[in-house]
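Report on the structure given below.
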Amino acid sequence: MASSAAAFGVSTQNRAKTPGWRLRQSVITYVSLIPYVAFALFPLYITLVTSLKSKQEINNPNLSPFWALGITIENYQYLAEKTHFFDHWMLNTVLVSVFSTAISVIIGILAAYALARLRFRGVEVFGVAVFVTYLVPTSLLFLPLINVINFLDKFLHVRDTYWSLVLTYPTFLIPFVTWLLMGYFRTVPVEVEECAYLDGCGRLRTLVTIVLPMALPGVICAILFGFTLCWNEFLYSLVFIQDELHKTLSVGVVTELIRGDIYFWGSLMGACILGSLPIIVLYAFFMDYYVSGLTAGAIK
Amino acid sequence: MAISKAQDGVQSSLSLAQPLERSWRKALGPDLDAYGFILPAVIIMTALIVYPFCLALWFSLSDGMLGEQRHWIGLKNFAYILQDRIFIQTLWNTTVFAVSSVVLKSVFGLLLALLLQRAARWKRFFRGAVLVPFVAPTALTTLGWWLIFDPTYSHINWALKHIWPLNLLGLGPFQWLGNEHLALAVCAFVNFWRGLPFFAVTMFAGLVAIPEQIYEAAETDGANAWRKFWHITLPLLRPVLAVVILFSTIFTLGDFNIVYVLTRGGPMNSTHLFATYSFTEGILNHDIGLGAAISLFLFPLLLAVVIIQLRMVRKETSYGI
Chain A
0 MASSAAAFGV
10 STQNRAKTPG
20 WRLRQSVITY
30 VSLIPYVAFA
40 LFPLYITLVT
50 SLKSKQEINN
60 PNLSPFWALG
70 ITIENYQYLA
80 EKTHFFDHWM
90 LNTVLVSVFS
100 TAISVIIGIL
110 AAYALARLRF
120 RGVEVFGVAV
130 FVTYLVPTSL
140 LFLPLINVIN
150 FLDKFLHVRD
160 TYWSLVLTYP
170 TFLIPFVTWL
180 LMGYFRTVPV
190 EVEECAYLDG
200 CGRLRTLVTI
210 VLPMALPGVI
220 CAILFGFTLC
230 WNEFLYSLVF
240 IQDELHKTLS
250 VGVVTELIRG
260 DIYFWGSLMG
270 ACILGSLPII
280 VLYAFFMDYY
290 VSGLTAGAIK
Chain B
0 MAISKAQDGV
10 QSSLSLAQPL
20 ERSWRKALGP
30 DLDAYGFILP
40 AVIIMTALIV
50 YPFCLALWFS
60 LSDGMLGEQR
70 HWIGLKNFAY
80 ILQDRIFIQT
90 LWNTTVFAVS
100 SVVLKSVFGL
110 LLALLLQRAA
120 RWKRFFRGAV
130 LVPFVAPTAL
140 TTLGWWLIFD
150 PTYSHINWAL
160 KHIWPLNLLG
170 LGPFQWLGNE
180 HLALAVCAFV
190 NFWRGLPFFA
200 VTMFAGLVAI
210 PEQIYEAAET
220 DGANAWRKFW
230 HITLPLLRPV
240 LAVVILFSTI
250 FTLGDFNIVY
260 VLTRGGPMNS
270 THLFATYSFT
280 EGILNHDIGL
290 GAAISLFLFP
300 LLLAVVIIQL
310 RMVRKETSYG
320 I
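Protein chains in written order, with numbering that gives the first Met the number 0: chain A, 0 to 299; chain B, 0 to 320.
So, in structure tokens, the structure goes:
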């Protein structure tokens, strides 16, 4: 890190701002950034390389583990043919993420609008409650939620199915979405809404036709983050679901693909790549929304 | 209402009813429909957060297996864990894990944010690349680290043995996840890897928000880069830094995935955190009361952090909350 310290340490005085100085500065900057990028992508690279190797190559201690000599898709074939990776885990994860996100974003939009705009008794208490619940970690709630799920099972079959996740994921999504959207709604000018009221729009219609389109980046951001949080969730899924066919990706991979024998690395790493890929692709297309959501959550 | 109508007719009934309704309306605020807007959120949060939380409190104060009738035992669960050697170990592990990884994330996050700010070209590429660990599924990326630190397949051990000039050091092979001290360090390291982007990107946003004129003014006064950093960047970044550190501390204290995937709390309980130990006692050993008591131990700490944070946010923004 000595070089990165130099990047903003040694540069002195404006007198030195010649083209040569500028070039040197940017070289230092980019050279210092490379280790960070390499560090961030290193495990993903290792995962990808291992997933493309044959068993023999992985298990040969004399061959470098850092790159592959030949490329094989046998590990991915194994995942498709011998495991429930695609037909159940992937599908379950998509279903759970879509449903939980949809529920949470709709409920979050309503709550955030009330918090951002409407004046009513208890607005402060509700705001604080949202913030506190936003910070309650899932590790505090997983034990009692088992009881809640068992209770609800008397009315609807949710126990040991992925529907229990659709039910419980909103517990961490709604506070987050509400908190995020509140900030976006506050940026919409009040005057626009007042015009809509004067034209005879009801509250809900104003929200849907005027406020939501203006706060669209926030809504997209909430959907993306909600989807990502669901996709990556691990603890609830691990605790609530034992049925192999109802497991989500992360839990299915961790609990079903790790076996006693030593030959599982290739398919395990393949599963990691395929399980991360949808989120990374989504992220690549909507990076700016992710960044703005990340900073809005912490700064607002 | 009926009486007033009978006595004086319409006019007096209005004059009597109006002040009543007005005071009731005044008490609830002008926007009554707000209650309809927050109702779904309130129902879900009550049923799935507040109620379970109370249930967790009850679990921690009672005795009985999962699904059985529970009996009140007061603070016995808490008394038990406080003299439980594994729990004391867990407290220590959590402290080391959280402090070391949050310190690392703060220092390198700030460095990375400063570098990102200076990189004019390929800004999107760099920002995008360093943010990947934060969006990819933690359990799956941690499996990648698991392979890297595996005793037989460890890439680091291989590099220490085969790659010049590392092989000249004569180090290794290390039992990364089998050694009591190394295992916790590895867990904290992976947490650092995952959390670094959050720090960097958030602080980067904070850096961009600092007005350029302040730096220009300092430059005309002859300030060098270090002075600008110490007297402008750092003080103006402090609120953002504080919020990010508090957020990260909370999520690091509640971490489960990384430790579960890498070590499941072992070897010799040297990597147990609140969440993994609570999982072990509550789910694997079926002692739900003990599990709840362990996870609730985090709550006072959490509350303190939330209060500090709310105070800070209040101070900095004109509106409530």
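C-beta: ideal position from N, C-alpha, C; glycine also.
When DSSP states are grouped into helix, strand and coil, B:W121 belongs to the coil group. Residues of chain A whose Cβ lies closer than 7 Å to the Cβ of B:D30 are, in chain order, L117, R118, F119. Taking C-beta atoms as the reference points, A:I148 and A:V157 count as a pair closer than 8 Å. Along the region 262 to 286 of chain A, the positions whose C-beta sits under 8 Å from a C-beta of chain B are W264, L267, M268, A270, C271, G274, S275, I278, I279, Y282, A283, M286, read in chain order. Interface criterion met: the Cβ of A:Y35 is under 8 Å from a Cβ in chain B. The way I'd put it, the region 244 to 259 of chain B does touch the region 93 to 112 of chain B; three or more beta-carbon pairs between them come closer than 8 Å.
Separation of A:L244 and A:V252 (C-alpha to C-alpha, rounded to the nearest whole angstrom) is 12 Å. Straight across, the Cα-Cα distance linking A:R185 with A:G107 is about 15 Å.
For B:W71, the three-state secondary structure derived from DSSP is strand.
At a cut-off of 8 Å between beta carbons, A:F85 makes no contact with chain B.
With respect to chain B, the C-beta atom of A:F233 has a partner C-beta closer than 8 Å.
Burial state of A:D198 is exposed, judged by a 10 Å Cβ sphere holding fewer than 16 other Cβ atoms. One Cα belongs to B:A222, the other to B:F198, and the distance between them is close to 27 Å. For B:P136 against A:S275, the beta-carbon gap comes to about 6 Å, under 8 Å, which counts as contact. Looking at the DSSP output, B:S61 shares a beta bridge with B:W71.
Not a single CB atom of chain A sits nearer than 8 Å to the CB of B:W229. Against chain B, the beta carbon of A:P18 has no neighbour under 7 Å; the closest one sits roughly 14 Å away. Taken through DSSP and simplified to helix, strand or coil, B:L235 comes out as helix. Contact with chain B is absent for A:L94, since none of that chain's Cβ atoms lies less than 8 Å from the residue's Cβ. Separation of A:V250 and B:V106 (C-alpha to C-alpha, rounded to the nearest whole angstrom) is 33 Å.
Per DSSP, B:L167 is not a residue of any alpha helix (DSSP H), being assigned neither H nor E. The alpha-carbon separation between B:A46 and B:D286 amounts to approximately 24 Å.
Listed in chain order, the non-local C-beta contacts of A:L166 below 8 Å within the same chain comprise I148, L151, V157, local neighbours out to five positions each way being set aside. A:T71 places its beta carbon 8 Å or farther from that of A:M268. The C-beta distance from B:T141 to A:L43 rounds to 12 Å, too long to fall under 8 Å, and the pair is not in contact.
With fewer than 16 other Cβ atoms from the protein chains shown falling within 10 Å of its own Cβ, B:I87 counts as exposed. Of all alpha-carbon atoms in B:I307, B:A291, B:L309, B:L159, the one lying nearest the alpha-carbon of B:K75 is that of B:A291.
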